[in-house]
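Asker: Its first residue numbered 15, the sequence shown is counted upward by one per residue in my numbering.
All C-beta atoms, glycine included, are put in the ideal place defined by N, C-alpha and C.
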Amino acid sequence: MRRADKTQSQFPWQPVFPVLLLVALALLGWREYLHAGRRAAWTGETALLQGRLEDAGSRAAELEAELSAGKIRLDELEVERQSLADRAGNLEAQRDHLRAEMDRRMEELSSANEERAALRGQLEAARLAQLEAERLPGELQLKLENARSRIAELENRIDTLSARLAAFPSPLELQGCSADGSVFALSGQWTGNSPLPARVLVCRASQVLLEGWIHRREESALIGHVRRWESPASTLVKGEKVFILPLKDHEAD
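Structure below.
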């Protein structure tokens, strides 16, 4: 009995050892359980992130394709813009050329009218001189012949100027245009020799109003269609004087 008590006193921790072992095993199992849970969570999160990465890659590929298409469209728009800029430059050059040509022709017309008026005055004076010379004696026959020569010269010059003035376009009167600006009407005598339809420019003074075609005559009116407005249609005034210039195909292109 004493020996048993002595043995128990020598090893007092022996009853606690199994408990400690169980606690250690429980802690080890709990740690493994936590590790397994974390590994499962990490695996799910990794799969989720992988899916997001794949979606992001697909979206990036779509955006790259859209970017490429946008660059192509941008290049096309730049080419179109350059073409329109060139067209605008050509139209401005044509407008300036027509304006300069009309200024020159208007100055020539004014000068020709002034010269014709002066020649008519000289013609009247020469005719009076002729009448006076015809009443004079024969010694003035030479003066009479000179006057007749001068009259013939002046008449030839007047005929030449009249032919030049006939080449200028006759004034027409604007009757109006349709609400959509595609059809216009003019009244007056047009001396154009081209068969209808005829491509023309309708102008006022030194300004080009529109480019189009004269299609037909309706009684005293000329009916035309507009190809392109060179001046705003809102600036047209019914009854104002305009004139027409014939336009060849290569001039309109």
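Check this for me: beta carbons of Arg-245 and Val-222, under 8 Å apart or not?
Answerer: Before going on, a small fix: residue 245 reads as Ser here, not Arg. Yes, the Cβ-Cβ distance between Ser-245 and Val-222 is below 8 Å.
Asker: So, using beta-carbon positions, are Leu-261 and Glu-225 closer together than 8 Å?
Answerer: yes
Asker: Considering only residues of the same chain and omitting the five flanking positions on each side of Cys-217, which have a CB-CB separation below 8 Å?
Answerer: Leu-112, Met-116, Leu-223, Val-256, Phe-257, Ile-258, Leu-259
Asker: Thinking His-229 and Leu-210 are a contact (beta carbons under 8 Å), I'd like their distance in whole angstroms, please.
Answerer: Rounded, the Cβ-Cβ distance is 6 Å, consistent with contact.
Asker: Taking its Cβ as the centre, do 16 or more other Cβ atoms sit within 10 Å of Phe-198, making it buried, or is it exposed?
Answerer: buried
Asker: Taking just the CA atoms, how far does Leu-39 sit from Arg-45?
Answerer: 10 Å
Asker: Please state if the CB of Ala-161 and the CB of Ala-143 are separated by a distance shorter than 8 Å.
Answerer: In this structure, Ala-161 lies closer than 8 Å to Ala-143 by Cβ.
Asker: Run the CB neighbour count on Leu-36, radius 10 Å, all protein chains shown included, and call it buried at 16 or more, exposed below.
Answerer: exposed
Asker: Going by CA-CA distance only, name the one from Asn-104, Leu-41, Pro-32, Gly-202 that's closest to Ser-234.
Answerer: Gly-202
Asker: Considering Cα atoms alone, identify which of Met-120, Trp-227, Ile-165, Glu-159 is closest to Ala-139.
Answerer: Ile-165
Asker: Taking the alpha-carbon positions, what's the His-49 to Glu-78 distance?
Answerer: 42 Å
Asker: Are the beta-carbon atoms belonging to Trp-227 and Arg-242 less than 8 Å from one another?
Answerer: no
Asker: What residue from Asp-89, Ser-248, Trp-204 has the CA that sits closest to Pro-185's CA?
Answerer: Trp-204
Asker: Nearest CA to the CA of Arg-141: which residue from Glu-167, Leu-63, Asp-100, Ala-55?
Answerer: Glu-167
Asker: What whole-angstrom Cβ distance do Glu-169 and Gly-253 have, given they're in contact under 8 Å?
Answerer: Not a contact, Cβ separation roughly 38 Å.
Asker: With a floor of 3 residues, list each beta strand (DSSP E) that falls wholly inside the stretch 234–261, ordered by position along the chain.
Answerer: 235–243, 255–260
Asker: Determine, using beta carbons only, whether Leu-250 and Leu-200 come nearer to each other than 8 Å.
Answerer: No. Outside cutoff.
Asker: When the Cα of Glu-121 is compared with those of Ser-248, Ser-220, His-239, Gly-238, which residue comes out closest?
Answerer: Ser-220
Asker: Name the DSSP bridge partner or partners of Trp-204?
Answerer: In DSSP, Trp-204 forms no bridge with anything.
Asker: Kindly indicate which three-state DSSP category Ala-219 falls into: helix, strand or coil?
Answerer: coil
Asker: Helix, strand or coil, according to DSSP, for Val-30 in the structure here?
Answerer: The DSSP-derived three-state label of Val-30 is coil.
Asker: Just to confirm, is the Cβ distance from Leu-137 to Glu-148 under 8 Å?
Answerer: No, they are not a contact pair.
Asker: Report yes or no: is there a C-beta of chain C within less than 8 Å of the C-beta of Glu-80?
Answerer: In the displayed structure, chain C is absent; only one protein chain is listed.
Asker: Is His-264 helix, strand or coil by DSSP?
Answerer: In this predicted model, His-264 has a pLDDT of only 43, less than 50, meaning its place in the structure is not dependable enough to derive any value.
Asker: To the nearest angstrom, how far is the alpha carbon of Asn-104 from that of Arg-73?
Answerer: 46 Å
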